[in-house]
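S.K.: One structure is given below, represented as C-alpha cells, and several questions about it will come after.
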Amino acid sequence: MSEREFLRVIKRMPRIHCARGPKGCRKCSELEALDNKEGMQLSLIHVYLSPGVYTSPITDFIFNGERVYGEYDVIKRFKDVIEAKEYAENNNIKITFF
Ligand SMILES: [Zn+2]
45 MSEREFLRVI
55 KRMPRIHCAR
65 GPKGCRKCSE
75 LEALDNKEGM
85 QLSLIHVYLS
95 PGVYTSPITD
105 FIFNGERVYG
115 EYDVIKRFKD
125 VIEAKEYAEN
135 NNIKITFF
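Numbers 45 to 142, taken from the working numbering, label the letters of the sequence shown in order.
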C-alpha cells in the first residue's frame, strides 16, 4: 500500500469488474446493466490528493465547497443507504452524490 495522503469519501460508484470495461468484457457490461437498473452502489473510496505512479481511475467530489479530483481506490461497498449512513456516522465520513 502507498503512503499517499487520501480523503475518505462515500459516493455512488459504478460496479467495476476489470479494466476492459463494458465494451470489451461481458461481465463488465452485465454490471453496467445492473448499475442502470438499480443505481450505482454507495462505496467507501480513498481519494488520493497527489498523483500516483500508476494510471488509475479518477473521480471527483465536493470538499469544503470545492470540486476535488483524484485517483481513488474502492475500499468497501455498501449494500444499501442505511448501511452507508451508519458507517459514515461511526467513522465521521461525508457522503456525497446521493
Ligand atoms: Zn470485466
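Think of the CB as a built atom: it goes at the ideal place given N, C-alpha and C, for glycine as much as any other residue.
Nearest by alpha-carbon distance to H90: which of E133, Y116, C72 is it?
M.R.: Y116
S.K.: As a quick exercise: from G114, Y92, Y113, S87, pick the residue whose alpha carbon is nearest that of E127.
M.R.: S87
S.K.: Give every residue whose Cβ lies closer than 6 Å to any heavy atom of ligand 1, listed in chain order.
M.R.: H61, C62, R64, C69, K71, C72
S.K.: Buried or exposed: V53, going by 16 or more other Cβ atoms within 10 Å of its Cβ?
M.R.: Burial call: buried.
S.K.: Whether or not the stretch 105 to 112 and the stretch 74 to 81 are in contact is what I'm after, with contact meaning three or more pairs of Cβ atoms, one per stretch, closer than 8 Å; do they touch?
M.R.: no
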